[in-house]
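Undergrad: Once you've had a glance at the structure underneath, I'll fire off some questions.
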Amino acid sequence: MRLRACFFAAVGLAAVLSLAAQSSADADDALPIIDYKSISTERNVTVPIFKGLSASYDRIVGGLYDNMSSSPLASSSTAAYVSGVAPSGPIVVGTVGESSPTPAKAAPRPPKPDPFSYGLSIESSFPFGHIGSSATSLRGATQGFVGYQIDPYTKFTADYYQIPFYPLGTSGTSVPLVIRGSSTPIGSVALPGTASNSDVYKFLNLGLQRTFLIAKKHPLIVTPGFIFPVFQYDDAVTIEGNGQALPIKIRSYAYKYVALTIPVVYNRHCLVLLTGQTKWLVRTNGLNETNHPQEVLIAYSEYFANRKTSFFFQPSRYIVYLPSDRAPEYSFTAEYGINYRFTKNLWSQIEIESLNPSGTGPNGIANLTCSTAACTSILPTIGSLKTAEVHLSIGIGSPFVIPI
Numbered sequence: 043m044r045l046r047a048c049f050f051a052a053v054g055l056a057a058v059l060s061l062a063a064q065s066s067a068d069a070d071d072a073l074p075i076i077d078y079k080s081i082s083t084e085r086n087v088t089v090p091i092f093k094g095l096s097a098s099y100d101r102i103v104g105g106l107y108d109n110m111s112s113s114p115l116a117s118s119s120t121a122a123y124v125s126g127v128a129p130s131g132p133i134v135v136g137t138v139g140e141s142s143p144t145p146a147k148a149a150p151r152p153p154k155p156d157p158f159s160y161g162l163s164i165e166s167s168f169p170f171g172h173i174g175s176s177a178t179s180l181r182g183a184t185q186g187f188v189g190y191q192i193d194p195y196t197k198f199t200a201d202y203y204q205i206p207f208y209p210l211g212t213s214g215t216s217v218p219l220v221i222r223g224s225s226t227p228i229g230s231v232a233l234p235g236t237a238s239n240s241d242v243y244k245f246l247n248l249g250l251q252r253t254f255l256i257a258k259k260h261p262l263i264v265t266p267g268f269i270f271p272v273f274q275y276d277d278a279v280t281i282e283g284n285g286q287a288l289p290i291k292i293r294s295y296a297y298k299y300v301a302l303t304i305p306v307v308y309n310r311h312c313l314v315l316l317t318g319q320t321k322w323l324v325r326t327n328g329l330n331e332t333n334h335p336q337e338v339l340i341a342y343s344e345y346f347a348n349r350k351t352s353f354f355f356q357p358s359r360y361i362v363y364l365p366s367d368r369a370p371e372y373s374f375t376a377e378y379g380i381n382y383r384f385t386k387n388l389w390s391q392i393e394i395e396s397l398n399p400s401g402t403g404p405n406g407i408a409n410l411t412c413s414t415a416a417c418t419s420i421l422p423t424i425g426s427l428k429t430a431e432v433h434l435s436i437g438i439g440s441p442f443v444i445p446i
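And the structure:
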C-alpha cells in the first residue's frame, strides 16, 4: 500500500507541476493540437515509454496533422486553420458592382519529418550512495535506438541498451554461512570490498507502436514488443537453489509485453505520459516458479526550459524477475536528470537512477551455503536487486532515457 501511495503521489506531483507550467506559458504557447507535430520535429525531444524503449513527440502524436485535415473537428476556428480558409457566411458571386472575392491563401503545412529517427550515446556511470565498496566508477556503456515511421499511425522501434550497475549487498558486508539442509548459521563471511561485482546488462528491445485517436484528437498509443538479451557471454553462474548447485545464466531472460500509453499533457513546455504495461517471461529460467501476467506502471514528466535544456522525472512501479528469483518482485524506481543540447544533433545528459525492491528480504547475496560439512564448495543464495547510479552521457541524434 505504501508503494502504491508513493507511486500515485509522484504521478500527481508530476501532473500538477506540468499543468502549472502549462498555465504559466504565454498565450502564443497554447498551440492547437495540429502544431504538435511541427514542434516535435523542431525539438526532436525523446522520452521513454517503458524499459528500453524510447519515444519522441513524433512517435506519440506522429501523423496527427495529416489525418486531422480530413477529419471533422469540433472547433470551426481550428478547422479553418487546418483548411486555410477563415470561417464566414456564404459569399454570393456575380452581383452587379462586386468583384469576385480573392480566394483565401492556404496556410502552409508543416514539413513532414524524416521517417527515420535515431539516438546513440556513450556513458560513464558511478555508484550512488553507500554500496560497501571502494569502487569509484562502473563500466562504460553504449546505448542507442532507431525508429521507422511506417505510416502516420504506426512506427517500428529497435533499442539496444547496456545498463551498468553495482548491486547493493554484494561487497563490503558480512553474510551468514550455512550448511546445506540447515537454516542455522555456523558463522559469517565478509564479502570483499572490491568493484568485482559491477555488472552490465545488454538487451535488445523490438516494438511496434500504433497510435489511435480518441474523439479524433486525443492520442492513445498501444505497443506490443519483445525484450531479449544479446552478447551475454559472461553471465553463467552457479548458485544455491532447491537444495543443490544450480547453474544459471543470471542475465539471460526475455520478456514479451503490451503497453498502453496516454499523453496527459503535451505542449511546447511540458510532456506528461502515463503508461500501463502487462509483461510475461518468454519462458521461465533458473528458480522461476510462476509466469503470470505482471503489471507495470510508469509516469513520465519533462519540462522544457528552453530550446537547449530540459528536466525529466520518471517514477515507476516496476517488476524484477531474474533467473535467480522464485517469484517476481515489485520495485519502486525513480529516474531524474537533465538533458542539454549543444547542437541539433549533439547532446549530453546527467541522470540518477535508483531501484528499490518492495520486499523485506536481504539485498544482493543473502547467504553463503556450504555443500558439505567440510565446506569444500561454497555457493551464494541471491536476494533482491537494489541499486542506484549516476550516469553521464554524451550522444548524437535524440536524447533518450533507459531505465534500470
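Our numbering applies: residue 43 is where the sequence shown begins, and numbers increase by one. We put the beta carbon where it would ideally sit given N, CA and C, even for glycine.
#1: Given Gly439, which residues of its chain have a CB within under 7 Å of its CB, disregarding the five upstream and five downstream residues?
#2: Report back the beta-carbon spacing between Glu371 and Glu395 to the nearest angstrom; my notes put them in contact at under 8 Å.
#3: Cβ atoms of Leu180 and Tyr208: under 7 Å apart, would you say?
#4: Strictly by DSSP, which residues pair up with Tyr203?
#5: Residues in its own chain within less than 6 Å of Thr303 by CB, not counting five upstream and five downstream?
#6: Could you tell me whether the Cβ atoms of Ile281 and Ser366 are closer together than 7 Å?
#7: Ordered along the chain, which non-local residues of its own chain (more than five positions away) have a Cβ less than 6 Å from that of Ala232?
#8: Looking at C-alpha atoms only, which residue of Arg349, Tyr297 and Ala341 is the closest neighbour of Tyr320?
#9: For the segment 278-294 against the segment 418-431, do three or more pairs of beta-carbon atoms, one drawn from each stretch, fall closer than 8 Å, so that the two count as touching?
#10: In this structure, does DSSP put Ile228 in helix, strand or coil?
#11: Express the C-alpha separation of Ile205 and Gly223 in angstroms, rounding to a whole number.
#12: Count the other CB atoms within 10 Å of the CB of Arg383; is the residue buried (16 or more) or exposed (fewer)?
#13: Answer yes or no: do Val338 and Tyr360 have a C-beta to C-beta separation smaller than 7 Å?
#14: According to DSSP, simplified to helix, strand and coil, what is Lys197?
#15: What is the C-beta distance between Ile290 and Asn327, in whole angstroms, given that I count them as a contact (C-beta under 8 Å)?
#16: If we count the other Cβ atoms within 10 Å of its Cβ and call it buried at 16 or more, is Glu393 buried or exposed?
#17: Based on the DSSP output, what are the partners of Leu323 in its beta bridges?
#18: Is DSSP giving His260 helix, strand or coil here?
#19: Measuring alpha carbon to alpha carbon, tell me which of Ile420, Ser373 and Asn381 ends up nearest Gly403.
#20: When DSSP labels each residue in this structure, what does Thr351 get in the three-state scheme?
#21: When the Cα of Thr429 is compared with those of Arg368, Asp201 and Ser167, which residue comes out closest?
#22: Do Leu210 and Gly401 have their C-beta atoms within less than 7 Å of each other?
TA: By the coordinates alone:
#1: Tyr160, Gly161, Leu162 and Asn387
#2: 17 Å between Cβ atoms; not a contact.
#3: yes
#4: Phe245
#5: Ile91, Ile263, Leu315 and Thr317
#6: Yes, the pair counts as a contact, with Cβ atoms nearer than the cut-off.
#7: Ser216
#8: At residue 320 the sequence reads Thr, which differs from the Tyr that was named. Closest by alpha carbon: Tyr297.
#9: For the pair of segments examined, the segment 278-294 was found to touch the segment 418-431: the number of CB pairs separated by less than 8 Å reaches three.
#10: coil
#11: 36 Å
#12: buried
#13: Cβ atoms of Val338 and Tyr360: closer than 7 Å.
#14: Judged by DSSP in its simplified three-state form, Lys197 adopts strand.
#15: 7 Å
#16: buried
#17: Tyr297
#18: strand
#19: Taking only the C-alpha atoms, the option nearest Gly403 is Ser373.
#20: Of the three classes helix, strand and coil, the one that applies to Thr351 here is strand, per DSSP.
#21: Ser167
#22: no
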